[in-house]
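Some notes on the structure that comes next.
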Amino acid sequence: MSDVAILDSQHEGSSLAETTNGDNSIPRGEEERIITAVAEHMAAIMRELNLDLEDPNFAETPERVAKMYLEMFHGLREGVEPKITTFPNDEDYHHMVIEKEIPFYSMCAHHFVPFYGHAHIAYIPESTIVGLSKLPRILEFYAKRPQLQERLTEQVAEFLWSKLKPQGVMVVIEARHLCVEMRGVKKPGALTTTSALRGCFADRMVREEFLALLSRKAAW
Ligand SMILES: [Zn+2]
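Mapped onto my numbering, the consecutive letters of the sequence shown carry residue numbers 2 to 221.
Take a look at the structure:
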C-alpha cells in the first residue's frame, strides 16, 4: 500500500447514513423485466463501442452483465434488509465486542467499478446483544449497491446504533478503489480508511482501545 487517505466521518447523526441509496428500489417480481431491459442497454453501449456482438465472447455478455448487476446490487431488492434478532444481555457484558477483518465487495457509485476491502465493527452492549454472524450480513446489505465508502461506513454504524441501542458503536473500513487504481490518478494499492462512531466511542479512551485491538495480529 503506497498511499493512505483518511476520511473522517466521526460525527453523530450524519446525513450520509440517513439516505437509503436504493433500499427496496428493485420490487419483488421485477427481476426478469430489469434483466431484459439492462441487457438491451448494455448491448447498445457495446454497439456504440463498435464491438461485434456476433463474436462468441460478446454474444451473451449483455445478459451476463445484467444478471451480474442484479447480483452485485442485491441490497437494492425489496425485502432483503437483514432481520436482526437480538438477545438479552443476561451476562451483563458491558465491554467491547469486536469483529475484525470482515471482507466485502461493493461498487463505486461514481464510476460503477468495484471497491473492496475489510470492515472492523465494534460495539459495547447495553441491554441487548446481537449474534456475531449478523454483523457481516449488515455490511453485505449496504455493500451490495452503488455505494460510497463514507456512506457505507455510516450506514453500518447507524443500523447497529438504531436497532441494538448499544452504549456505543464504531465502524472502520479500509478499502481499495479500482476507480483510483485503474484510471484517473492511477495509484495502485492506495488504501482509503473511513470511520464512523456513535455513543461512548466519542470518548478517546474507548476509541483508542478499539484501534489498539485492531492493530494486534491474531496468533494463528
Ligand atoms: Zn469511483
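Heads up, the beta-carbon is just placed ideally off N, CA and C, and yes, glycines get one too.
To the nearest angstrom, how far is it from the Cα of residue i to the Cα of residue j?
i	j	result
Ser196	Asp53	45 Å
Tyr117	Pro147	12 Å
Glu210	Val98	11 Å
Leu215	Asn25	34 Å
Asp1	Gly132	Given that the chain is displayed from residue 2 to residue 221, the structure contains no residue 1 and the question cannot be resolved.
Asp9	Glu31	Low per-residue confidence applies at Asp9: pLDDT is 47, beneath 50, and the placement is therefore not dependable, though the value from the model is reported in the following sentence. Going by the C-alpha atoms only, they are around 38 Å apart.
Met43	Asn58	14 Å
Gly200	Glu182	35 Å
Ala203	Glu151	18 Å
Pro189	Val173	21 Å
Tyr124	Glu82	20 Å
Arg217	Val114	31 Å
Gly14	Glu49	With a pLDDT of only 48 at Gly14, under 50, the local geometry of the prediction cannot be trusted, and the value read off the model is given with reservation. About 44 Å.
Val207	Val66	45 Å
Asp56	Arg184	27 Å
Can you tell me whether residue i is helix, strand or coil according to DSSP?
i	result
Tyr70	helix
Arg34	helix
Gln168	coil
Gln11	Note on Gln11: pLDDT 46, under 50, position unreliable in the model; the coordinate value appears next. It is coil, neither helix nor strand.
Phe88	strand
Arg205	helix
Phe113	coil
Met80	According to the sequence shown, residue 80 is Gly rather than Met. Gly80 falls in the coil class under three-state DSSP.
Met108	strand
Ala219	coil
Let me know if residue i comes out buried or exposed under the rule of 16 or more other beta-carbons within 10 Å of its beta-carbon.
i	result
Ile103	buried
Thr21	exposed
His178	buried
Trp162	buried
Ile46	exposed
Arg38	The identity of residue 38 in the sequence shown is Ala, whereas the question assumes Arg. Flag for Ala38 reads exposed.
Lys145	buried
Val186	exposed
Glu155	buried
Ala220	exposed
Leu140	buried
Ala213	exposed
In terms of alpha-carbon separation, which member of the options lies closest to residue i?
i	options	result
Leu17	Leu149, Pro115 and Tyr124	Leu149
Arg34	Leu133, Trp221 and Glu64	Glu64
His111	Ile139, Pro137 and Cys180	Cys180
Leu153	Phe105, Val114, Thr129 and Ala203	Phe105
Cys109	Met73, Val207 and Met206	Met73
Gly23	Pro137, Trp221 and Leu71	Leu71
Leu136	Leu212, Ala213, Trp221 and Lys101	Lys101
Gly76	Arg138, Phe142 and Asp56	Phe142
Tyr121	Glu55, Lys84, Ile85 and Thr194	The sequence given here has His at residue 121, not Tyr. The residue with the shortest Cα to Cα distance from His121 is Thr194.
Lys84	Ala176, Glu175, Arg205 and Ser134	Ser134
Return the Cβ separation of residue i and residue j in integer angstroms, given the expectation that the two are a contact with Cβ distance under 8 Å.
i	j	result
Ile36	Lys68	6 Å
Ala158	Met171	7 Å
Glu61	Arg29	Rounded, the Cβ-Cβ distance is 26 Å, inconsistent with contact.
Pro234	Glu127	For residue 234 there is no data in the structure shown, the boundaries of the chain being 2 and 221.
Leu198	Thr87	Wrong, their Cβ atoms sit about 20 Å apart, outside the cutoff.
Regarding residue i and ligand 2, is the C-beta to nearest heavy atom distance less than 7 Å?
i	result
Cys109	Here the bound small molecules are ligand 1; ligand 2 is not part of this structure.
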